[in-house]
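Visitor: I have a structure here, written as structure tokens, and I will follow up with some questions on it.
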Amino acid sequence: MVSTNYAPEHAGIGPYATQIAEHWAARGHETHVLAGMPHYPSWSLDPAYAGAWRRTEERAGVVVHRRRHTVPPRQTALKRAAFEATVLAHGLLAPPSMARPDAVLAQMPSLAGGIIGARLAARWRVPYVPVVQDLMGAAAAQSGIRGGDRAAALAARAETYSVRRATLVGVIHETFVDKVVAMGVDRGRIRLVPNWSHVPSPSAPRAETRQRLGWGEGETVVLHSGNMGLKQGLEVLVEAARRDPKIRIVLLGDGNQRAHLRELGAGIPNLDFMAPVGDDEFPDTLAAADVLAVTQRASVLDMSVPSKLTSYFAAGRPVVASVAAEGGTALEVLRSEAGVLVPPEDPDALLAEIRRLGDDPAAADALGAQGPRHVEAHLTRAAGLARIDALIDEALGGPST
């Protein structure tokens, strides 16, 4: 596997890459991962890896080969290009020292990872299978990153290079299919491999967790978890907190926009910033909230489906999605029947829905209860890993699924 993101990273794509690799190792396969240095979602290097240029380690039976790269604390097109360039250069100059594998799987949106995976598979003459988690060309154009138009053109070329050389292409959502076809991939070589809920179900009583976190019994708590980046458009939650002091807005996690959001929200007493919590606390923290929020800029349409959604659904709380109605995120929320949509970047519409759910706990509970049902029916880890196994088996010449 080639995946810039890997454990100990606990958000985004890292947990999926880790669970796939550890699943292979548990089945008895010799499994190698070419990864970057841990840095996400804070976009700061994990201190445990400070000064390391290359490191090989074993985690849960998986051999992880890490290569150094730049870590830009702020996202601009130039800095993101430097990040990808250093991942690419170091990965190609110092590939893993290992025997010829049976296949290479690459986790994209790492543009460099996609190119590295294609090049290594060609060198070893083995099947190459990228799994498209995000569309970086669309991301650069839609996320508001400075210099995004130029970055979008470069990213689209890198993505096209990577997917055209694939034996099969996995995509996590059906809204990505047409984009991949437009890159020159035959529709018959594209397989749907949705992500799964990678966190356990909550276990602690909600009241107990709320008391530990200092959340009042009668107050409405809205929680956003995960990366605080440009595409999330989290300013809408800051403004919502400013407009209604009776609602507590909690931003849990890290990201390159965290400092900006803190500055924007200075002096708002009902706006809290929480550092990332451990895997053992995370499900209970989500479940303790009254409403779970997912937000995106209005321009974000078809570039990604947030991985946080699977965790939200498992938590059993209602989801309010401030996103474009025509995008993949909106489709997933509606499909789950565990949430509602409001127009993006509209704090008044967001507050209206939050107040409605806060004023009717029974309705909120009923809506949230649909999430675990959706997970059990469609998003279990076993089902997700089985789809990845089937994808690799087919690429190796096994039966089509």
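Here the sequence shown stands for residues 59 to 459, numbered as in the numbering used here. Built from N, CA and C at the ideal position, the CB exists for glycine as well.
Does DSSP put V238 in a helix, a strand or coil?
Guide: In the sequence shown, the residue the question calls residue 238 occupies position 180. V238 falls in the helix class under three-state DSSP.
Visitor: Measuring straight from C-alpha to C-alpha, what distance separates A110 and L103?
Guide: Here the question's residue 110 lines up with position 52 in the sequence shown. Here the question's residue 103 lines up with position 45 in the sequence shown. Straight-line Cα distance between these residues: approximately 10 Å.
Visitor: Return the bridge partner residues of P188 from the DSSP annotation.
Guide: Along the sequence shown, one-based indexing puts residue 188 at 130. Paired residues: A164.
Visitor: For V363, which residues of its own chain have a beta-carbon under 7 Å away from its beta-carbon, when the five flanking residues on both sides are left out?
Guide: As a first step, residue 363 must be located in the sequence shown, where it is residue number 305. So the list reads I230, H231, G386, T387, E390, once near-sequence residues are dropped.
Visitor: Going residue by residue through the stretch 128 to 185, where are the continuous alpha helix (DSSP H) segments of at least 4 residues, counting only ones entirely within it?
Guide: For the stretch 128 to 185, whole alpha helix (DSSP H) runs of length 4 or above, ordered along the chain, are 135 to 151, 169 to 182.
Visitor: Between the beta-carbon of H127 and the beta-carbon of T114, is there less than 9 Å?
Guide: Numbered from 1 along the sequence shown, position 69 holds the residue referred to as residue 127. Numbered from 1 along the sequence shown, position 56 holds the residue referred to as residue 114. Not a contact, by the Cβ cut-off of 9 Å.
Visitor: Assign Q269 to buried or exposed, taking buried as 16 or more other Cβ atoms, counted over all protein chains shown, within 10 Å of its Cβ.
Guide: Counting from one through the sequence shown, the residue named residue 269 turns up at place 211. Classification of Q269: exposed, given that the 10 Å Cβ count is below 16.
Visitor: In angstroms with no decimal places, state the Cα-to-Cα distance between V433 and G442.
Guide: Here residue 433 refers to the residue found at position 375 when the sequence shown is read from its first residue. Here residue 442 refers to the residue found at position 384 when the sequence shown is read from its first residue. One C-alpha to the other measures close to 11 Å.
Visitor: State buried or exposed for M156, treating a residue as buried only when at least 16 other CB atoms are found within 10 Å of its CB.
Guide: Taking the first residue of the sequence shown as position 1, residue 156 is located at position 98. Flag for M156 reads exposed.
Visitor: Pull the bridge partners of M332 from the DSSP assignment, please.
Guide: The residue labelled residue 332 in the question sits at position 274 within the sequence shown. In DSSP, M332 forms a bridge with L310.
Visitor: Taking S261 as the reference, give the member of L344, D302, T233, V251 with the closest Cα.
Guide: Start at 1 with the first residue of the sequence shown, and residue 261 comes out as number 203. Minimum Cα distance to S261 is reached at L344.
Visitor: Per DSSP, what kind of secondary structure is H90 in: helix, strand or coil?
Guide: Walking along the sequence shown from the start, residue 90 turns up at place 32. Reduced to three states, the DSSP call for H90 is strand.
Visitor: When the Cα of A435 is compared with those of G276, D451, W254, which residue comes out closest?
Guide: Numbered from 1 along the sequence shown, position 377 holds the residue referred to as residue 435. Comparing Cα positions, the closest option is W254.
Visitor: Among the residues of its own chain, which have a CB less than 7 Å from the CB of A396, if the five just before and after it don't count?
Guide: For the purposes of this step, residue 396 is taken as the residue at position 338 of the sequence shown. Contacts found: F371, P376, V377, L425, G426, Q428, G429, H432.
Visitor: Less than 9 Å between the C-beta atoms of M332 and P99, yes or no?
Guide: Stepping through the sequence shown from its first residue, residue 332 is reached at position 274. Stepping through the sequence shown from its first residue, residue 99 is reached at position 41. In this structure, P99 does not lie closer than 9 Å to M332 by Cβ.
Visitor: If you count every other CB in all the chains shown that lies within 10 Å of the CB of K304, and 16 or more means buried, which is it?
Guide: Residue mapping note: residue 304 aligns to position 246 of the sequence shown, counting from 1. Exposed, since its Cβ has fewer than 16 Cβ neighbours within 10 Å.
Visitor: In angstroms, rounded to a whole number, what distance separates the CA positions of A164 and G274?
Guide: Taking the first residue of the sequence shown as 1, we reach residue 164 at position 106. Taking the first residue of the sequence shown as 1, we reach residue 274 at position 216. The alpha-carbon atoms of A164 and G274 are separated by roughly 45 Å.
Visitor: Who pairs with R114 in a beta bridge, going by DSSP?
Guide: Reading the sequence shown from its first residue, position 56 is the one you call residue 114. Note on identity: in this sequence residue 114 is Thr, with Arg being the wrong assignment. H123, per the DSSP bridge assignment.
Visitor: So A106 packs on E80, CB below 8 Å; how close in whole Å?
Guide: On the sequence shown, residue 106 is found 48 positions in, with the first residue counted as 1. On the sequence shown, residue 80 is found 22 positions in, with the first residue counted as 1. At roughly 19 Å, the Cβ-Cβ gap does not stay under 8 Å, so A106 and E80 are not in contact.
Visitor: G228 lies in the beta strand (DSSP E); which residues open and close that run?
Guide: Indexing the sequence shown from 1 puts residue 228 at position 170. Run containing G228: 227 to 229, per the beta strand (DSSP E) assignment.
Visitor: Assuming S283 is part of the beta strand (DSSP E), what are its boundary residues?
Guide: The residue labelled residue 283 in the question sits at position 225 within the sequence shown. Looking at the DSSP string, the run of the beta strand (DSSP E) that includes S283 is 278 to 283.
Visitor: Please report how far the alpha carbon of E142 lies from the alpha carbon of M59, in whole angstroms.
Guide: Reading the sequence shown from its first residue, position 84 is the one you call residue 142. Reading the sequence shown from its first residue, position 1 is the one you call residue 59. Spanning the two alpha carbons is a distance of roughly 17 Å.
Visitor: Beta-carbon separation of S168 and N63 under 9 Å?
Guide: One-based indexing of the sequence shown puts residue 168 at position 110. One-based indexing of the sequence shown puts residue 63 at position 5. Yes, these two residues count as a Cβ contact at 9 Å.
Visitor: Using C-beta distances below 6 Å, list every residue in its chain close to H90, excluding the 5 sequence neighbours before and after it, in chain order.
Guide: Within the sequence shown, residue 90 is the residue found at index 32, counting from 1. Excluding residues within five positions, the ones whose Cβ falls inside 6 Å are V121, P154, M156.
Visitor: What's the gap between the Cα of R249 and the Cα of Q77?
Guide: Mapped onto the sequence shown, residue 249 falls at position 191. Mapped onto the sequence shown, residue 77 falls at position 19. Their backbone Cα atoms lie some 20 Å apart in a straight line.
Visitor: Relative to the C-alpha of N314, which candidate in A214, Q290, A152 has its C-alpha closest?
Guide: Counting from one through the sequence shown, the residue named residue 314 turns up at place 256. Nearest option by C-alpha distance: Q290.
Visitor: Express the C-alpha separation of D338 and A351 in angstroms, rounding to a whole number.
Guide: Counting from one through the sequence shown, the residue named residue 351 turns up at place 293. Counting from one through the sequence shown, the residue named residue 338 turns up at place 280. About 21 Å.
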